[in-house]
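Asker: What follows is a structure written as structure tokens; I'll ask about it next.
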Amino acid sequence: MATKDSRASLLDEADAAAAAGDFGRARSLIEQALQDDDGSAELWIKLTAMRRAAGDARGALEAVERALALAPLDFAALLSRALLLERLRDERSAEAFMHALAQAPAEDRIPASMTTAVEHGRRIAAEHQARIEASLAAAIPPHLPEPERLRAERFVSNASRRTRHFHQEPTDFHYPGLPEFEFHDREHFPELDIVEEATAIIRGEFEALIAAEAAEMVPYIQYPDHVPLAQWRELNKNRDWTAIHLLQNGRPVEANARHCPKTMAALSRLPQPQVRGASPNAMFSLLAPNTRIPPHTGVANTRLVCHLPLIVPPGCGFRVGATTREWLVGKAFVFDDTIEHEAWNDSGELRVVMIFDLWPPALSPSERETVAGIISAAGVSFKGA
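Be aware that the sequence shown starts at 0, since it is given in numbering that gives the first Met the number 0, and climbs by one per residue.
See below:
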């Protein structure tokens, strides 16, 4: 039986043999040190390297799997196992690369000696993922209605792990049991025809409004300096993202609303939440050229948010969860702002959308009354997104 001192001596000899290029002897010495002891994951990884260098791929695979039995999430061991399976032409290799990459450290913490293997693994994993997704997508029945087809396609992308499921993460209010859709089906909001048909009128009133001397234009993000919200550091009190409120926390902003009578009339016909001190809300959202809104979530899942695009230069985009859409002028969409979302304007021109809130169709009239009472009692105001 090897003592602690004799084991240390064997390992020193093994290191010396490896440094001299005698990988066979190094392997034998490490195996001798492991005869009476399961050792550590680090030691089994070392044996893996020596067996691999000596040309014993199967023995190296056995060693790395012993290492993973002791340290199942060790990135180096997982990556080594994937490379060995690939060398052995084992069909499990692509899946093994995916498992390894799931445990990869941050990019700047990957050792330089591993970058080539990591890049190779990413290519193999991406090809494998694409094959899986194509195979699953082929099982989607043809001629599905568009909403069902989109959900089926997302089911496939989630199953193939290209995307993941994003959950509602409201900052303040989470009402249980509501469906989690990144973008809601347009067919459930026929009333949006009202604002879509009035797009040209609404844009005209917006242009008249910004030309008015008395218009109130404020930075969209306005937190006190002491509030620890690092994601808003660049945009807090910054006019690169500006709001012109028409309805704010349930009340008209007269300085702006009086310039937009037809817009206000259209909004009055929509099923907006009626919550004292919090809603309805409606505004023009102005995003300056070359500006990005960082990922964030909204206050409550008891309301949905609608965008009506008015001015959209090329290079703009909007992501909710795993779904990215372009804004199309005059085409409204409804999304859940308690699911992580972000926006960008990579153009050299201004982007303008009208934002307003809506009740979720899943809330019954009595639930809406209950929600309104509770949020009003809490005294929390909403903003758009």
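All C-beta atoms, glycine included, are put in the ideal place defined by N, C-alpha and C. Since the model is a prediction, treat every value here as computed from it, not as a measurement.
1. Hey, could you find the ends of the alpha helix (DSSP H) Trp390 is sitting in?
2. Where does Ser284 sit, in a helix, a strand or coil, going by DSSP?
3. Ile338 and Glu179 look like a contact to me (Cβ under 8 Å); what is the Cβ gap, rounded to whole Å?
4. Exposed or buried, which one is Ile129 when buried takes at least 16 other CB atoms within 10 Å?
5. Return the chain-ordered list of same chain residues with a C-beta closer than 7 Å to the C-beta of Gln247, the five sequence neighbours on each side being excluded.
6. Could you pull out every residue in the same chain whose Cβ sits closer than 6 Å to the Cβ of Arg86, ignoring the five residues on either side in sequence?
7. By Cβ distance below 6 Å, which residues in the same chain neighbour Ser79 in space, the five residues on each side in sequence not counted?
8. Helix, strand or coil: how does DSSP classify Thr290 here?
9. Within its chain, find whatever has a CB closer than 7 Å to the CB of Gly276; leave out the 5 residues flanking it on each side and keep chain order.
10. For Ala384, which residues of its own chain have a beta-carbon under 6 Å away from its beta-carbon, when the five flanking residues on both sides are left out?
11. For Asn300 and Pro189, I'd like the C-alpha separation in whole angstroms.
12. Excluding the five sequence neighbours on either side, which residues of its own chain have a C-beta within less than 8 Å of the C-beta of Ala75, listed in chain order?
13. Please determine if the region 345 to 362 and the region 258 to 277 are in contact, where contact requires at least 3 C-beta pairs separated by less than 8 Å.
14. Just the C-alpha distance for Arg108 and Arg148, rounded to the nearest angstrom, thanks.
15. Does the pairing of the region 194 to 210 with the region 248 to 266 give three or more beta-carbon distances under 8 Å?
16. Given a threshold of 16 other Cβ atoms within 10 Å of its Cβ, counted over all protein chains shown, does Thr290 qualify as buried or as exposed?
17. Quick check on this structure: which residue in Phe334, Cys315 and Ala321 has the alpha carbon closest to the alpha carbon of Leu327?
18. Is the beta carbon of Ser346 sitting closer than 7 Å to the one on Pro288?
19. In the DSSP assignment, the alpha helix (DSSP H) including Val63 goes from what residue to what residue?
20. Quick one: grab the DSSP three-state call for Lys236.
Answerer: In terms of the structure at hand:
1. This structure cannot speak to residue 390, because the chain is shown only from 0 to 384.
2. strand
3. 7 Å
4. Looking at the sequence provided, one finds Ala at residue 129 rather than Ile. The residue in question, Ala129, is exposed, as its Cβ has fewer than 16 Cβ neighbours within 10 Å.
5. Asn280
6. Ala56
7. Thr47 and Val63
8. strand
9. Asn248, Gly249, Ser375, Gly378 and Ser380
10. Note that Ala384 scores 48 on pLDDT, short of 50, meaning its location in the model is unreliable; the coordinates nonetheless yield the value given after this. Closer than 6 Å at Cβ, skipping near neighbours: Gly297, Val304 and Asp336.
11. 21 Å
12. Ile44 and Met113
13. yes
14. 40 Å
15. yes
16. buried
17. Cys315
18. yes
19. Ala56 to Leu69
20. Per-residue confidence for Lys236 stands at a pLDDT of 44, beneath the threshold of 50, marking its modelled position as unreliable; the derived number appears in the next sentence. Here Lys236 sits in coil by DSSP.
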